[in-house]
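A.B. asks:
Number of protein chains: 2
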Amino acid sequence: MKVTLEQVAKYAGVSRGTVDRVVNKRGNVKPEVEQRVREALKALNYERNKIASALAYSKNEKKVCAMFQKTDSEDYNAKIMQGIHDAKKELKDFGISVEVAICNTSDAGEFIRKIDAMIQEGICGFAIKAPSLPEISEKIDSLVQQKMPVITFNSDIPESHRTCFVGQNLYQSGRVAGNIMASLVRPGEKIVIGCGIPQYNAHQERVDGFVYELKKRGFQEEQWKVFHTNQNYDVTYRCLEEIFEEEDNIRGIYMSVEPNEACGAFLEEHSFLQHPYVVCHDTAPETIEYLKKGVFEYIIDQDIYMQSYYSLLLLRDAFRNGTCDSGKVLGVNIYNAACFE
Amino acid sequence: MKVTLEQVAKYAGVSRGTVDRVVNKRGNVKPEVEQRVREALKALNYERNKIASALAYSKNEKKVCAMFQKTDSEDYNAKIMQGIHDAKKELKDFGISVEVAICNTSDAGEFIRKIDAMIQEGICGFAIKAPSLPEISEKIDSLVQQKMPVITFNSDIPESHRTCFVGQNLYQSGRVAGNIMASLVRPGEKIVIGCGIPQYNAHQERVDGFVYELKKRGFQEEQWKVFHTNQNYDVTYRCLEEIFEEEDNIRGIYMSVEPNEACGAFLEEHSFLQHPYVVCHDTAPETIEYLKKGVFEYIIDQDIYMQSYYSLLLLRDAFRNGTCDSGKVLGVNIYNAACFE
DNA sequence: CTGTTAGCGCCTTCAA
DNA sequence: TTGAAGGCGCTAACAG
Chain A
1 MKVTLEQVAK
11 YAGVSRGTVD
21 RVVNKRGNVK
31 PEVEQRVREA
41 LKALNYERNK
51 IASALAYSKN
61 EKKVCAMFQK
71 TDSEDYNAKI
81 MQGIHDAKKE
91 LKDFGISVEV
101 AICNTSDAGE
111 FIRKIDAMIQ
121 EGICGFAIKA
131 PSLPEISEKI
141 DSLVQQKMPV
151 ITFNSDIPES
161 HRTCFVGQNL
171 YQSGRVAGNI
181 MASLVRPGEK
191 IVIGCGIPQY
201 NAHQERVDGF
211 VYELKKRGFQ
221 EEQWKVFHTN
231 QNYDVTYRCL
241 EEIFEEEDNI
251 RGIYMSVEPN
261 EACGAFLEEH
271 SFLQHPYVVC
281 HDTAPETIEY
291 LKKGVFEYII
301 DQDIYMQSYY
311 SLLLLRDAFR
321 NGTCDSGKVL
331 GVNIYNAACF
341 E
Chain B
1 MKVTLEQVAK
11 YAGVSRGTVD
21 RVVNKRGNVK
31 PEVEQRVREA
41 LKALNYERNK
51 IASALAYSKN
61 EKKVCAMFQK
71 TDSEDYNAKI
81 MQGIHDAKKE
91 LKDFGISVEV
101 AICNTSDAGE
111 FIRKIDAMIQ
121 EGICGFAIKA
131 PSLPEISEKI
141 DSLVQQKMPV
151 ITFNSDIPES
161 HRTCFVGQNL
171 YQSGRVAGNI
181 MASLVRPGEK
191 IVIGCGIPQY
201 NAHQERVDGF
211 VYELKKRGFQ
221 EEQWKVFHTN
231 QNYDVTYRCL
241 EEIFEEEDNI
251 RGIYMSVEPN
261 EACGAFLEEH
271 SFLQHPYVVC
281 HDTAPETIEY
291 LKKGVFEYII
301 DQDIYMQSYY
311 SLLLLRDAFR
321 NGTCDSGKVL
331 GVNIYNAACF
341 E
């Protein structure tokens, strides 16, 4: 069952080293010998032992960097750090150490300075969550050109040549939300859509997906109304007050980004004949509380923990394989109150 | 950063072997030496290298068995097999080989005979999906008494002393479904609940959870009606016909177990003013089709693939640690049509 | 009770 | 272009 390099070598009448050269395509093998080895490999159905391989390879020590911009939500930041922390533990045995760099602004300069500083320290791979700005994109391209793996997570920079992206498909997550809302709200009832900042592609994408799905399920433009939260608590609260004063028969609220709490507070502090169904994103503890209390109906999560964790693990594979499995779009997870029992 | 046994040994003034004895609690170490080693361990913050450990330990070859009863759904069986297959590949490097045993009936005798046969072949651990019958439970107890890990998956045998269980909490999954339904259906509207076979605890549990949640959300007993599908296509179809003839204003159908297709076909072949919302379990390809077509509204999945895969991996940990992390209740995953885009 | 040593299977350097 | 050999860090058997 278990076939080793040694056995293949014996079968082919060569040494372990030669088989290794063939298996790992290191070149410097005479074609006819290579042919013979390949046949032996096939005949014995050799598969390399990943554990042994990892152990031997762990001599090549490497340093990678996880870089991200802090958000306003401490919980969110903590989940990212937790993912990094767990990945760090996992990667240690592979001889890979992880440095963390946190940016405080969305200024391209800050990112680029931090990247350069990290490279000075001998970093040879990045997992990075950064705004999609031309300067950053170019910087990434220059790193990739130097054969350095760069993986974007959570928020993609698709214009760049990043090795791959780990995160949610925002448009799809908006569609999932739209589909949920369409099942909750009935003909003649109205929906309020909270968009963050329209200039941010990421915010608009979810709303686009949401609206697409509403249309698909037969809703009319008059049935929904978009407002901009500016990602600000007070703005959100006031907008909701205004809209609920103007309109009636609102049965759905979609919060495409934080601050979910503003919406929760608004609903708790006002009473309605028919309480509106709330669909929102990301499982912050406060958001889950609203879900449990029945103020919110559904949360769609993107597992930010997994994103930071997984992107770091992919970096390891990138070192071994020169590349990594074509990125990874992590799931769109739906939760209702009963999920947290 | 990386601390090895060797370094700890040097620090404590003993040999690697002795440190190993302390780390792995193999005994035979003089208390004062042990004390010294423990201090060194702490001082250097030693953590064992899992890769190296696994490689060395893989010398101890082991055989485990995955045993399950075939269901009527070929897709379901295939997912179980896929999980086993992937686990097999993963475990190979650990020196663990996996045998599969498939039972055709729910007869305790068949299971017990197959278990005995496996033990003849040198199996030393089981991952098993079996009905909860006293004879099987006793058999499991006798294996566990001989220090053999036995993990139940998908369907638990809680009366037994199985090492742990990997699967969904059925009651909770019913609650999740109930909560969804409660958000879809409004006052005055009715819900039909398809229970499989009431004598099967597993079927009843989901329905209990479902009803619990309906009550919690203020629904009245008159609003729902339970029927028994017998897990049979024709029975299900006929029951639905009858109920829809008798009652009107039915807006929700909950299928707690297969055959979901009977429900799908029924809805496609009849037309209603208000099409009822369908919430059901398990992502068989046919069920997903109905979801995509908009005939079904939500599917709640239990990732059976992951259950068979994960239970086998836990067996590996059980060999190393004598026990394994207190089982694992895998998630309750909610899907709507947009999830499959 | 403790130290020594021979692997586990692969990777990598160094000679040849 | 190839073979030989010395690790990677840990486990386990054996000798003392």
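Those protein sequence lines, which keep their order, are chains A and B. End of the first sequence sits at 341 in UniProt numbering; the numbers just go up one at a time, nothing left out. End of the second sequence sits at 341 in UniProt numbering; the numbers just go up one at a time, nothing left out. The beta-carbon is built from N, C-alpha and C at its ideal position, and this holds for glycine as well. These figures come from a predicted structure and were not determined experimentally.
For the alpha helix (DSSP H) holding ASP75/B, just list the boundary residues, first then last.
C.D. replies: Counted from its first residue, the second sequence places residue 75/B at position 75. Element bounds for ASP75/B: 74-92.
A.B. asks: Please say whether TYR298/B and ILE334/B have beta carbons closer to each other than 8 Å?
C.D. replies: Translated into positions along the second sequence, residue 334/B becomes position 334. Translated into positions along the second sequence, residue 298/B becomes position 298. For ILE334/B and TYR298/B, yes; Cβs fall inside 8 Å.
A.B. asks: Please go through the same chain and pick out, in chain order, the residues whose beta-carbon is closer than 6 Å to the beta-carbon of GLU286/B, but skip the five residues on each side of it.
C.D. replies: Mapped onto the second sequence, residue 286/B falls at position 286. GLU261, listed in sequence order.
A.B. asks: Quick one, are the C-beta atoms of GLU247/B and LYS190/B less than 8 Å apart?
C.D. replies: Within the second sequence, residue 247/B is the residue found at index 247, counting from 1. Within the second sequence, residue 190/B is the residue found at index 190, counting from 1. Yes, these two residues count as a Cβ contact at 8 Å.
A.B. asks: Nearest-angstrom Cα distance between LYS225/B and ILE180/A?
C.D. replies: One-based indexing of the second sequence puts residue 225/B at position 225. One-based indexing of the first sequence puts residue 180/A at position 180. For LYS225/B and ILE180/A, the distance between alpha carbons rounds to 25 Å.
A.B. asks: Run through chain A and tell me which residues come within less than 9 Å of LEU55/B, C-beta to C-beta.
C.D. replies: Translated into positions along the second sequence, residue 55/B becomes position 55. ASN49, ILE51, ALA52, ALA54, LEU55, listed in chain order.
A.B. asks: If I measure Cβ to Cβ from VAL166/B and keep anything under 7 Å in the same chain, skipping five residues before and after, which residues do I get?
C.D. replies: Indexing the second sequence from 1 puts residue 166/B at position 166. Hits under 7 Å: ILE151, PHE153, GLN307, TYR310, SER311, LEU314, GLY327, LYS328, LEU330.
A.B. asks: Between which two residues does the beta strand (DSSP E) harbouring GLN69/B extend?
C.D. replies: Counting from 1 along the second sequence, the entry for residue 69/B is found at position 69. Start and end: 62-69.
A.B. asks: Look at the Cβ atom of GLN231/A, then the Cβ atom of PRO276/A, and state whether they are nearer than 8 Å.
C.D. replies: Against the first sequence, residue 231/A aligns to sequence position 231. Against the first sequence, residue 276/A aligns to sequence position 276. Not in contact: GLN231/A and PRO276/A (Cβ atoms no closer than 8 Å).
A.B. asks: Taking the straight line between their C-alpha atoms, what separation do you get for GLY264/B and VAL295/B?
C.D. replies: For the purposes of this step, residue 264/B is taken as the residue at position 264 of the second sequence. For the purposes of this step, residue 295/B is taken as the residue at position 295 of the second sequence. Each residue's Cα considered, the two are about 7 Å apart.
A.B. asks: Could you check where the alpha helix (DSSP H) with GLU205/B kicks off and where it finishes?
C.D. replies: Numbered from its first residue, the second sequence carries residue 205/B at position 205. Residues 201-216.
A.B. asks: Buried or exposed: PRO149/B, going by 16 or more other Cβ atoms within 10 Å of its Cβ?
C.D. replies: The count along the second sequence starts at 1 and reaches residue 149/B at position 149. Label assigned to PRO149/B: buried.
A.B. asks: Nearest-angstrom Cα distance between ILE80/A and GLN302/A?
C.D. replies: The count along the first sequence starts at 1 and reaches residue 80/A at position 80. The count along the first sequence starts at 1 and reaches residue 302/A at position 302. Spanning the two alpha carbons is a distance of roughly 12 Å.
A.B. asks: Are the beta-carbon atoms belonging to TYR233/B and GLY209/B less than 8 Å from one another?
C.D. replies: Within the second sequence, residue 233/B is the residue found at index 233, counting from 1. Within the second sequence, residue 209/B is the residue found at index 209, counting from 1. Their beta carbons are not under 8 Å apart, which means TYR233/B does not touch GLY209/B by this criterion.
A.B. asks: Output the distance between the C-alpha atoms of VAL37/A and ALA56/A, rounded to the nearest integer angstrom.
C.D. replies: The residue given as residue 37/A occupies position 37 in the first sequence. The residue given as residue 56/A occupies position 56 in the first sequence. About 22 Å.
A.B. asks: Between ILE334/B and chain A, is any beta-carbon pair separated by less than 8 Å?
C.D. replies: As a working mapping, residue 334/B is identified with position 334 in the second sequence. Yes - at least one Cβ of chain A is within 8 Å of the one on ILE334/B.
A.B. asks: According to DSSP, which residues form a beta bridge with ALA56/B?
C.D. replies: Locating residue 56/B in the second sequence gives position 56, counting from the first residue. None; ALA56/B has no bridge partner.
A.B. asks: Locate the alpha helix (DSSP H) running through ARG36/B, then write down its first and last residues.
C.D. replies: Walking along the second sequence from the start, residue 36/B turns up at place 36. 31-44 is the extent of the alpha helix (DSSP H) around ARG36/B.
A.B. asks: Report the residues of the stretch 303-318 of chain B with a CB closer than 7 Å to any CB of chain A, ordered along the chain.
C.D. replies: Answer in chain order: no residues at all.
A.B. asks: Among residues of its own chain, excluding the 5 on either side of SER15/B, which ones have a beta-carbon nearer than 7 Å to its beta-carbon?
C.D. replies: Looking up residue 15/B in the second sequence gives position 15. Hits under 7 Å: ALA9.
A.B. asks: What does a CB cutoff of less than 7 Å around GLU135/A pick up in its chain, not counting 5 residues either side in sequence?
C.D. replies: Taking the first sequence and counting its residues from 1, the one referred to as residue 135/A is at position 135. These residues qualify, in order along the chain: ALA108, ILE112.
A.B. asks: Just to confirm the assignment, what range does the alpha helix (DSSP H) spanning ALA318/B have?
C.D. replies: On the second sequence, residue 318/B is found 318 positions in, with the first residue counted as 1. Note, ALA318/B: alpha helix (DSSP H), 304-321.
A.B. asks: What three-state label does DSSP hand GLU189/A in the structure shown?
C.D. replies: Your numbering for residue 189/A matches position 189 in the first sequence. Coil.
A.B. asks: For the beta strand (DSSP E) containing ARG251/B, name the first residue and the last one.
C.D. replies: Along the second sequence, read from residue 1 onward, the residue named residue 251/B stands at position 251. It spans 250-255 - the beta strand (DSSP E) in which ARG251/B sits, taken as one unbroken run.
A.B. asks: Using DSSP with H/G/I as helix, E/B as strand and the rest coil, what is PHE219/A?
C.D. replies: Within the first sequence, the letter at position 219 stands for residue 219/A. Coil, per DSSP.
A.B. asks: Please go through the same chain and pick out, in chain order, the residues whose beta-carbon is closer than 8 Å to the beta-carbon of ASN104/B, but skip the five residues on each side of it.
C.D. replies: Within the second sequence, the letter at position 104 stands for residue 104/B. The residues are GLN69, LYS70, GLU110.
A.B. asks: For chain A, check one thing: does any of its Cβ atoms lie closer than 8 Å to the Cβ of SER183/B?
C.D. replies: Numbered from its first residue, the second sequence carries residue 183/B at position 183. It does; some Cβ of chain A falls within 8 Å.
A.B. asks: To the nearest angstrom, report how far apart SER173/B and ALA338/B are at their CA atoms.
C.D. replies: If you number the second sequence from 1, residue 173/B lands on position 173. If you number the second sequence from 1, residue 338/B lands on position 338. Approximately 21 Å, taken between the alpha carbons.
A.B. asks: Name the chain B residues whose beta carbon is nearer than 7 Å to that of VAL100/A?
C.D. replies: For the purposes of this step, residue 100/A is identified with residue 100 of the first sequence, where counting begins at 1. Near VAL100/A there are no residues of chain B at all, since even the closest Cβ is about 15 Å away, more than 7 Å.
A.B. asks: From the DSSP output, in three-state form, read off THR152/A for me.
C.D. replies: As a working note, residue 152/A is residue 152 in the first sequence. THR152/A: strand per DSSP, three-state reduction.
A.B. asks: Using a cut-off of 7 Å between C-beta atoms, extract the partners of GLU213/B located in chain A.
C.D. replies: For this step, residue 213/B is matched to residue 213 along the second sequence. Those within 7 Å of GLU213/B in chain A are ALA338.
A.B. asks: Hey, PRO20/A and LEU5/A are a contact pair by Cβ (cut 8 Å); roughly how many whole angstroms apart?
C.D. replies: As a position in the first sequence, residue 20/A is number 20, starting the count at 1. As a position in the first sequence, residue 5/A is number 5, starting the count at 1. The question names Pro, but residue 20/A in the sequence shown is Asp. That pair is a contact at about 6 Å.
A.B. asks: Thinking just about the alpha-carbon of each residue, which of ASP93/A, SER106/A, ILE84/A is nearest to the one in GLU99/A?
C.D. replies: The count along the first sequence starts at 1 and reaches residue 99/A at position 99. Nearest C-alpha to GLU99/A: ILE84/A.
A.B. asks: Give the secondary structure of PHE227/A by DSSP, where H, G and I count as helix, E and B as strand, and everything else as coil.
C.D. replies: In the first sequence, residue 227/A corresponds to position 227, counting from 1. Reduced to three states, the DSSP call for PHE227/A is strand.
A.B. asks: Is it the case that the CB of VAL185/A approaches a heavy atom of the ligand GDP more closely than 7 Å?
C.D. replies: Absence of the ligand GDP from the depicted structure is noted, as is the absence of any ligand whatsoever, leaving it without description.
A.B. asks: If you count every other CB in all the chains shown that lies within 10 Å of the CB of ILE102/A, and 16 or more means buried, which is it?
C.D. replies: Position 102 of the first sequence, counted from the first residue, corresponds to residue 102/A. Label assigned to ILE102/A: exposed.
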